[in-house]
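> The structure is given below, and queries will be raised subsequently.
Protein chains: 2
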Amino acid sequence: MAITAGFHASAAACQDSRAQDAARRLEARIHRQGGFSAVTSHDPQTGLTAACSEPAAEDESYQLDVGPDGAKLTARSAIGVLRGMETFAQLMEPSADGFSAAAIHVEDHPRFAWRGLMLDVSRHWMPVEVVLRNLDAMAAVKLNVLHWHLSDDQGFRVESKVYPKLHELGSDGHYYTQQQVREVVAYAAARGIRVVPEFDIPGHTTSWFVGYPELASAPGPYQIERRWGIFEPAMDPSRESTYQFLDGLLGEMAVLFPDRYFHIGGDEVEDKQWKASPAIQTFARQHRLATSEQIQTYFNQRVQALLQKHGKVMVGWDEVFAPGLAKDAVIQSWRGAASLAAAAKQGYRGILSSGYYLDHLKPASLHYAVDPLAGVPEEAASRILGGEACMWSEYVSPETVDSRIWPRMAAIAERFWSAREVTDVNSMYMRMEAVSRGLDWVGLQHRTNYQGMLDRLGGGAGLRILADAVEALGIEGRRDERKYTSLVDLNRLVDAARPESESVFHLEQAVRRSDLPTLRAAFSAWAANDTPFQPLSKSLATAGGIGLRALAMLESGKPAPENWIAEQQHILNTISKPQSEVVLAAVRPVRMLLENLGTRAERH
Amino acid sequence: MAITAGFHASAAACQDSRAQDAARRLEARIHRQGGFSAVTSHDPQTGLTAACSEPAAEDESYQLDVGPDGAKLTARSAIGVLRGMETFAQLMEPSADGFSAAAIHVEDHPRFAWRGLMLDVSRHWMPVEVVLRNLDAMAAVKLNVLHWHLSDDQGFRVESKVYPKLHELGSDGHYYTQQQVREVVAYAAARGIRVVPEFDIPGHTTSWFVGYPELASAPGPYQIERRWGIFEPAMDPSRESTYQFLDGLLGEMAVLFPDRYFHIGGDEVEDKQWKASPAIQTFARQHRLATSEQIQTYFNQRVQALLQKHGKVMVGWDEVFAPGLAKDAVIQSWRGAASLAAAAKQGYRGILSSGYYLDHLKPASLHYAVDPLAGVPEEAASRILGGEACMWSEYVSPETVDSRIWPRMAAIAERFWSAREVTDVNSMYMRMEAVSRGLDWVGLQHRTNYQGMLDRLGGGAGLRILADAVEALGIEGRRDERKYTSLVDLNRLVDAARPESESVFHLEQAVRRSDLPTLRAAFSAWAANDTPFQPLSKSLATAGGIGLRALAMLESGKPAPENWIAEQQHILNTISKPQSEVVLAAVRPVRMLLENLGTRAERH
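Protein chains in written order, with the numbering used here: chain A, 1 to 604; chain B, 1001 to 1604.
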């Protein structure tokens, strides 16, 4: 099917504004992606026609048929139409004289009903436009839940008209107005995405206490926290006024966020304040709460009752899973599949996040291999709603967050949507790169702002070569290097560098197919690299030099001198140690080449 | 002077909103460029303090002193403060642990009072955001006139309340509302930029006649023109109703555009309709107008009188310079320095555009060498107001126009501002690249959307290597390749490719300093290049292969085999012929290397 400037999408046969709006967005995206003229001729053009039978249904399945005369999309619901349009957008590709979509028949439906991204906007503030463009990207990979982590020690990010000191004193002025929240919720709904808010209690609440110290278990005063980790401030579970306050706030937020799920966090509660408070200890004895865990369970039950009153289903992290929790609660597991399986076995519904922590900056292949049902017994499987990737924001800014979520999120989204048997990692990487490029047209900045972030550092073209050859370290790799706080600028090489190097992946592929010219070009560029970023730049040049010599030996057919391979491997080990909070991914294809040399030597 | 997240700019001592607003913009730009944290500590930070003595003066000079404790900017006027702030922004650079500006003392003023960019928004429509971001970029290089080419055969781009069929029928719906015009004018004024509108008459007026055929010299009906060139439709100079219409329109536009200059075009009038019209010929005889040129002069005099009535000074292209033109008219020369000199000698003021046609996609060095005063006799020099670069929009879209104007416009802007003696081309290229990167932070898309335009075409990393090694051909190189009209999509390699290749420039520099590793890296990449873009890709591989062999000979010190150099030069000549509307810039450094080899052989 040819796709031209006159491409049109029609959802007239799906009586739902979401479908109509999606048709306009599809046209606009295809127009951008094609680079089409603003003025088009009036010749008849091919297009996509969508229909649905029950617009308001929640069924996300769809059927798509593309042929020379156009595309036909049918679904039960409007959301199904949305999903199918995203598939169509992925089909657009350059052809001999323009663009086309392959003739195809697709019958598609999601494996899990809950396919989420958790976005922390507390540790680093994320303006509305960041949220909106990530919603567009989520829709592009058929995610359907934005879990919005709206409060933590470092900031309370929503305007409260009931308790205004929450956002006024707890956010540095960086919060979403209620009008903005409504806009985000509507924007998400138009894309078939639910918004589940999280207000993390009773720990991770320092920012609440700046304005309302009376909520805390120790007197205060409190300041917005600039560091991260687990801090002592925790809500006072022993005072009725705490629950009255929460009733007021949750009631207000329950209206603002219409989704039926409501997340209360509940993770990482430090009990020092509780233990040090005679009043809380007395209260615990009166209520036969023997441990801090039991105190938290008491707290959770009270909160759960409040949420039920406001028509909400409670969601919490692992720690809320404890005896006495009402069975309608949903457990989100960050600690591992085992705890999720345990909760499911006891009849709770669950969401897996362990293994999907994007902020660890691990390879997509690692996340891709994690299955939400791994370790869950068959009979409990239906209680696993799905999964959620997590983007904690200790080390991300509005400028860097896109590149930390994307494109790896796309691989996880496939795990959540597609059949369990779809596990070919190489295929995933090829497709992830294509999706990554496509997300440019959706409005993400993960690729477009990369060069600017390097330009900022000086170093010119050489720095680009270096940056392409390294990978940024995640939270573990950054902890010791500097004293990070939310006041530290995220404007260094590690912030520009990608979690996974696309160009190094291509070189690994080149080794596999023995594409020596491509390897020589890369190694030569590394060997010539000369930037002010020492000693990294020198390490890269070393890797390039070793690669070039290995290539020469492979081509000449002469064996490597004795011990040469081992010596080079030792050097590679040395230079592959983290430097400047990044790791030299470039050593990987060089190592592979040395292994090939070694194997050949053994065969001799 | 250290520049940190807490950088502040104060213009409290310059009582002018333009200066205050510019201070806020400077802070925002520095914040973006630095990648600074949204939350800053409250420690005292360095900043810039600006003062002026006569805010409303037109004097653009300023004095800037930067030292460890901060920057001090003094100027007579608010506009001078604006200019000095742009200089300060250019000083920001990465330093050991953050950013800094060099300690410096600058006394600066412009050479010419009229430093313009002409933007054609008729042949291809440019939405308001394109105009706004280019105004920001203009301000960054201290340009002060936007010459807005608002009407032509292909579109009438301003809402007229007096003659609404102009924009309703003459624009495909792509026009600026009067409110948008006011916004653009105010946005420009806030940046010290005047907006001079051009309504091109009596030729280039097809789009006017779609709604008002009675203005034309032949009956019509008329359609919006999709091709470009010189067309027959021209206004009827013999009817009083034409001047009544123009009086109404010019009166309306004179209010909308407050600048005292008003451009009437006047170029390229085709006289076929005039010659074919008995009424016009009769009229000409009655008024003793012997030639079509004399008819146009009559028309111009009538229009000039109307403009004077509305308080405007008329500007026109070369062709309006004719006996009888009132001396307050300004002549803009597109045909050459000679015609400008002739007009200046006769007492007219002039602006040079010949030699500054950005749409020709010529090297910046070529434009940089053109001086507005070349050929102008000393006594007439004071009548040359300055110069204007021209961006005609036959081959540009909102997506590509930034990369066709920038960064070459910056080199021309320096010609208009700096002393005539500043002519070091290498220095210009180094600084132009730095300015180009800086313009990212001003909001231009000339660099950020490059990769996306390549992604659109498929071809992956290899296509980037190819695109970096070619240069787009200008209007002359495109005329014969396809049948271009305004309906043809501008989404091919030639549209993504830059007018001048930065990376090839770097390789030419590498040849000059005998940096063989850098050359080897580039040649290896070219030699390995393999994209679907044939035969270009094969040509690039050929150039890479020749380069690699030349490097080997240079390094070995062995002479080239007999005739080898001549044979390679022949091959380079063949592959340097335009293909796919681009030219292979990559041959240039290879040619230089062969010359070096040849010179060495002669010395032997």
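Note that the Cβ used here is the ideal one computed from N, Cα and C, for glycine as well.
Quick caveat: nothing in here was measured; it's all calculated off a predicted structure.
Q33/A versus chain B: which residues are under 7 Å apart at the beta carbon?
R1456
> Would you mind working out which of L117/A, D530/A, V590/A sits nearest S393/A, comparing C-alpha positions?
L117/A
> Between which two residues does the alpha helix (DSSP H) carrying I412/A extend?
408 to 417
> Would you mind giving the Cβ-Cβ distance between G386/A and I351/A, rounded to the nearest angstrom? I have them listed as a contact below 8 Å.
6 Å
> Are the region 1161 to 1168 of chain B and the region 1080 to 1087 of chain B touching by the rule of at least three beta carbon pairs closer than 8 Å?
no
> Taking C-alpha atoms, which residue in T1574/B, L1454/B, I1405/B lies nearest to A1137/B?
Of T1574/B, L1454/B, I1405/B, the residue nearest in Cα terms is I1405/B.
> Under 8 Å, do L1358/B and A1469/B count as touching if we go by C-beta distance?
no
> Does any residue of chain A have a CB that is nearer than 8 Å to the CB of A1190/B?
no
> Could you tell me which chain B residues have their CB closer than 9 Å to the CB of A521/A, listed as they occur along the chain?
I1465, A1521, A1522, F1523, S1524, A1525, W1526, A1527, A1528, N1529, G1544
> What are the start and end residues of the alpha helix (DSSP H) that includes M92/A?
Segment: none, M92/A is in no alpha helix (DSSP H) and carries neither H nor E.
> So, are the CB atoms of E1270/B and S1241/B less than 8 Å apart?
no
> Run through DSSP, which three-state label would G1350/B get?
Three-state result, G1350/B: strand.
> Would you list the one or two residues that DSSP bridges to I1003/B?
F1099/B
> Rounding to the nearest angstrom, what Cα-Cα distance links I264/A and V504/A in this structure?
41 Å
> Measure the beta-carbon distance from G1594/B to Q1568/B and round it to whole angstroms, keeping in mind my assumption that it falls under 8 Å.
The amino acid at residue 1594/B is misidentified as Gly; the sequence shows Leu. With 8 Å as the limit, L1594/B and Q1568/B qualify as a contact, their Cβ atoms being about 6 Å apart.
> Helix, strand or coil for A631/A, going by three-state DSSP, please let me know.
No information on residue 631/A is available, as it lies outside the stretch 1 to 604 that chain A covers here.
> Who are the near neighbours of I565/A in its chain, counting only those whose CB is closer than 8 Å to its CB and skipping five residues on each side?
L594, L597, G598, A601
> Per DSSP, what are the beta-bridge partners of W1114/B in this structure?
The partner list for W1114/B (beta bridge, DSSP) reads G1386/B.
> Indicate whether I675/A and T542/A have their beta-carbon atoms separated by less than 8 Å.
This structure cannot speak to residue 675/A, because chain A is shown only from 1 to 604.
> Which residue marks the beginning of the beta strand (DSSP E) containing F1199/B, and which one marks its end?
1194 to 1199
> Given a cut-off of 8 Å, decide if G34/A and N1449/B are closer than it, judged by their beta-carbon atoms.
no
> Anything in chain B within Cβ reach of H644/A, meaning under 7 Å, just list it in chain order.
With chain A covering 1 to 604 only, the question about residue 644/A has no answer from this structure.
> Note down, one range per segment and in chain order, each alpha helix (DSSP H) of at least 4 residues found wholly within the region 420 to 446 of chain A.
425 to 442
> Within 10 angstroms of the Cβ of E607/A, are there 16 or more other Cβ atoms? Answer buried if so, exposed if not.
Any answer about residue 607/A is impossible in this case: the structure gives chain A only from 1 up to 604.
> In whole angstroms, what is the alpha-carbon distance linking S1403/B and P1499/B?
8 Å
> Measuring only the C-alpha atoms, how far is L1473/B from M1391/B?
Rounded to whole angstroms, L1473/B to M1391/B spans 15 Å at the Cα level.
> Assess contact between the region 139 to 158 of chain A and the region 200 to 212 of chain A, defined as three or more Cβ pairs (one per stretch) separated by less than 8 Å. Is contact present?
Taking 8 Å as the limit for Cβ pairs, the verdict is that the region 200 to 212 of chain A does touch the region 139 to 158 of chain A.
> According to the neighbour-count rule (16 or more other Cβ atoms, all chains shown, within 10 Å of its Cβ), is I1230/B buried or exposed?
exposed
> How big is the Cα-Cα spacing for S217/A and H1446/B?
The alpha-carbon atoms of S217/A and H1446/B are separated by roughly 55 Å.
> Looking at N71/A: is its Cβ nearer than 8 Å to the Cβ of F88/A?
Inspection of the sequence shows that residue 71/A is occupied by Ala rather than by Asn. In this structure, F88/A lies closer than 8 Å to A71/A by Cβ.
> Could you please tell me which residues of the region 1096 to 1124 of chain B, in chain order, have their CB closer than 9 Å to any CB of chain A?
Flagged, chain order: G1098, F1099, H1124.
> From the beta carbon of A1461/B, is the nearest beta carbon of chain A less than 8 Å away?
yes
> Anyone know if the C-beta pair for A1467/B and A1510/B falls short of 8 Å?
The answer is no: Cβ separation not under 8 Å.
> So, is the C-beta of Y1093/B closer than 8 Å to a C-beta in chain A?
According to the sequence provided, residue 1093/B is Glu. The question's Tyr does not apply to it. True, the Cβ-Cβ gap to chain A drops below 8 Å.
> Use the C-beta contact count for V1303/B: other C-beta atoms within 10 angstroms, 16 or more gives buried, fewer gives exposed.
buried
> Which residue comes first and which comes last in the beta strand (DSSP E) that contains E107/A?
104 to 108
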